[in-house]
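Here the structure is laid out as structure tokens; the discussion comes afterwards.
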Amino acid sequence: MTLDLAIRGGTIATASDVFRADVGIREGRIVEIAEGVGAARETLDAAGRLVLPGGIDSHVHISQPSGAGIRMADDFESGTRSALMGGNTTVLPFCLQGKGQSLREALQGYHALAEGQCYTDHSFHLIVSDATPSVLGQELPALVADGYTSFKVFMTYEDLRLNDAEILATMDTARRTGALVMVHCENEDAIRYLVGQHEARGDVAPRAHATTRPVAVEREATHRAVSLAEVVDVPVVIVHVSNGAALSEIRAARARGRRVVAETCPQYLVLTAADLEGMDWEGAKFVCSPPPRDAAEQVACWTGLETGDFDLFSSDHCPFRYDDAEGKLNPRGRTSFRHVPNGIPGVETRLPILFSEGVTKGRIDLSRFVALTATNHARIYGLERKGSIAIGMDADIAIWNPEARRTIRHADLHDGADYTPYEGLEVVGWPEDVILGGRLMVRGGVLVGQKGAGTYRPRVLSSLARVA
Ligand code: DUC
Ligand code: ZN
Ligand code: ZN
Ligand code: ZN
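Just so we're aligned: the sequence shown equals residues -6 to 461 in our numbering.
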């Protein structure tokens, strides 16, 4: 039978192997991997290039309500377009439950926004902000059964944070249903104490965002999150780990036999708190939580990536426009760092930054890159048939030119923000062709696919979590 598409002459990388072979695709799936596959209606020449699984970014925020008068810079069209152009074929945005809102209702809103708009496949994590007995007892278990198999809880932000009792109760629901809990680890009371001190002395510029959220605030909360998960006996994902001390808490928990997944992000590898010191509130462009740290913590994060202490490398894409009354420089944002929305764009630059700084510079090998950016995300979050190049898998593929030299410029990116925190960073290696479910979506760096090609994917339970 004729193939729909053949990728010939490339070097395939999976989380375990790197080898020369062609890939044959039919009806959206990979059906042949061999030195020489059969006749095809269309052929892509991948000679001299790398054939990698499409990236899975399991931590992105799209169209998420972010406070009165604040608007996220990406909707599902621009957010997934940017993801696709950066070599991704699946994203996992968050569905935020408003206080007093049912999760079902929140989900209906996100689905309505995403339907027909996406350039990548997508699935949703839930954010539990109102942990009532009926949400934990009835609604969440039903949603887990329907394919929403992970939820995030926050230890910080006044309107989002759960107290320890609520976190324990939410983890207990995860234990009963086999879902996976993700935790944002920062101690809200400690932050508020430091914010009070800074504001009392008029220290309100963006750099105070970093000094009011120091390593100790994240380290303490990380220790508490892994300890609460130990009490309930559930696995836990610690998202956006920014420093070595928090990572040490995770290592210690693992040494006690706990199942803890650790995620880090590009901002902790290539940005520092010094970036928040820009003139005229330029520092607001780098306000994210946890904040970027210093050169020593960058090294600690690299060490974690090299040793395998980190399982996931995600963008935490959370875009706000900079020069915009609904973004970073909203009227209140100009009065104090406290009102600058937290989050930075990065879904399109995640893979090139890790490829260039990691693979090209020899810090990690290609298989580790694939594991950190695709394979582990599919396994940990229960995305079937995704995250690898193997027979029977979805034909979600990115073909990379490992020698392409680019200087990151926002003008060349495809998101809805008006800046990139990585402006001017030089990278070597870029995804040139991207295939989603067998369809060519990006060819030679040019968008050729249509929005709506990306579809919603319900998920199975994580292989990490098992029902007690
Ligand atoms: N947490 C996130 O995961 N993303 C952006 C902001 C935040 O606090
Ligand atoms: Zn939908
Ligand atoms: Zn977070
Ligand atoms: Zn996030």
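Backbone N, C-alpha and C define an ideal beta-carbon position, used for all residues, glycine too.
- Inside the region 239 to 266, DSSP marks whole beta strand (DSSP E) runs of 3 or more residues at positions 253 to 257, from first to last along the chain.
- Checking the 7 Å criterion, the Cβ of His233 is within range of a heavy atom belonging to ligand 1.
- Distance check between Ala404 and each of Ala397, Pro414 and Pro395 places Pro414 closest, using alpha-carbon atoms only.
- Using a cutoff of 7 Å, the CB of Asp309 counts as near ligand 1, since one of the ligand's heavy atoms is closer than that.
- Less than 8 Å divides the Cβ of Val174 from the Cβ of Val229.
- Beta-carbon to beta-carbon, Glu341 and His407 are separated by about 6 Å, close enough to satisfy the 8 Å threshold.
- Cβ neighbours of Arg399 within its own chain (closer than 6 Å, five residues either side excluded): Val420 and Trp423.
- Around the Cβ of Asn156, a 10 Å sphere holds fewer than 16 other Cβ atoms; the residue is exposed.
- Following the DSSP letters along the chain, one finds Val188 inside the alpha helix (DSSP H) bounded by residues Glu181 to Ala193.
- Boundaries of the beta strand (DSSP E) harbouring Asp50: Gly48 to Val53, taken from the DSSP string.
- In this structure, the C-beta of His118 stays at least 7 Å away from each heavy atom of ligand 3.
- Assignment of alpha helix (DSSP H) within the region 135 to 185, counting only whole runs of 4 or more residues, yields 157 to 170 in chain order.
- Annotation for His202 indicates a beta carbon at 7 Å or more from all heavy atoms of ligand 4.
- In this model, Ala135 and His54 are separated by some 24 Å (Cα to Cα).
- Using a Cβ distance threshold of 8 Å, Val176 and Ala218 count as a contacting pair.
- Shown here for Leu322: same chain residues with a beta carbon closer than 7 Å to its own, the five before and five after excluded, namely Trp274, Ala277, Tyr315 and Asp316 in chain order.
- By the neighbour-count definition (other C-beta atoms within 10 Å, threshold 16), Ser308 is a buried residue.
- A straight-line Cα-Cα distance of about 9 Å links Trp295 and Tyr261.
- When the beta-carbon positions are compared, Leu119 and Tyr150 stay at least 8 Å from each other.
- By the Cβ-count criterion, Gly336 is buried, with 16 or more other Cβ atoms from all chains shown falling within 10 Å of its own Cβ.
- Restricting attention to Val453, Arg450, Glu425 and Ala239, the CA atom closest to the CA of Leu77 is found in Glu425.
- For the 8 Å CB-CB criterion, Gln110 and Gly445 form a contact.
- His115 has its Cβ no nearer than 7 Å to any heavy atom of ligand 4.
- In the DSSP assignment, Glu35 forms a beta bridge with Leu(-2).
- For His54, the shortest C-beta to heavy atom distance toward ligand 4 is below 7 Å.
- Annotated three-state conformation of Phe12 is strand, per DSSP.
- With a contact defined as Cβ atoms closer than 8 Å, Tyr112 and Cys88 miss out at about 19 Å.
- Per DSSP, the unbroken beta strand (DSSP E) holding Leu89 starts and ends at Asn81 to Leu89.
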